[in-house]
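Residue 374 in our numbering sits at position 140 of the sequence shown, with consecutive numbering throughout. Structure first, commentary second.
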Amino acid sequence: MKSFAIVAAALTLPLVLLAADPAQPSALTAHPAQPSTSVLVVEVTPEHGPRLVIPVPYIVVRAGVALAPRHIRQIPVPGLAPHMDDLHRALATLQDTPDGVFVEIEGPDEHVVVEKRDGALRVVVLDGDHTRVQAVLPFSLLASARNAFDGETTSLHTGALVRALRDAPRGPLVHLLDGGTEVEIRAW
């Protein structure tokens, strides 16, 4: 379970970085020539039982968020507002940094790597012999999600985050192997 917390923490920072002031010019730009995500594919292969492949059309995700209660559509993050300029600069710097490993932690039973590669922040966590988590957070997705933070209400708008998902490059976003169960989420 520690691995999930590490991945969540590693992915939370970049999500927070995307909320820069939309009025400011930015070095972050989405890749317009790339096809839009139209389906998220969730594939679950349990240790015992049938394999499930669940295509989730992007439009269903958007409708679900639009119909969700307000507390799900608007998440208060009051401590974020004073740091927005710094976070925006950090994300722009990360995007301009050459590919490579940013953090690598090795322990007796764990190995964590956070790296930039192929236009994305990648996190790999190995926890013991049976748990492996890989997550990919493309910079194009972060650039598209810049308007998710509302400085006036100091909250993240989940609808803006979901709209940004439309610009996720096609391919794997999350891959989890825990014991004999495997879960993969891909944008298509």
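Think of the CB as a built atom: it goes at the ideal place given N, C-alpha and C, for glycine as much as any other residue. Because the structure is a prediction, the values reported are computed rather than measured.
Q. Which first and last residues belong to the beta strand (DSSP E) in which T365 is found?
A. 365-372
Q) Which residue's Cα is closest to the Cα of L395: V295, V278, P316? A) Measuring from the Cα of L395, the nearest candidate turns out to be V295.
(Q) For a quick check, are the C-beta atoms of A379 and A398 less than 7 Å apart? (A) yes
(Q) Quick check: V359 and V348, are their CB atoms within less than 7 Å of each other? (A) no
Q. DSSP puts H409 in a beta bridge; with which residues?
A. Q368, E418
Q. Terminal residues of the continuous alpha helix (DSSP H) containing G313?
A. No alpha helix (DSSP H) contains G313, which DSSP labels as neither H nor E.
**Q.** Sheet register partners of A354 (DSSP bridge)
**A.** According to DSSP, A354 bridges with R351, P372.
Q) Buried or exposed: which applies to A302, given that a residue is buried once 16 or more other Cβ atoms fall within 10 Å of its Cβ? A) exposed
Q) What's the call for P289, buried or exposed, on a 16-neighbour Cβ count within 10 Å? A) exposed
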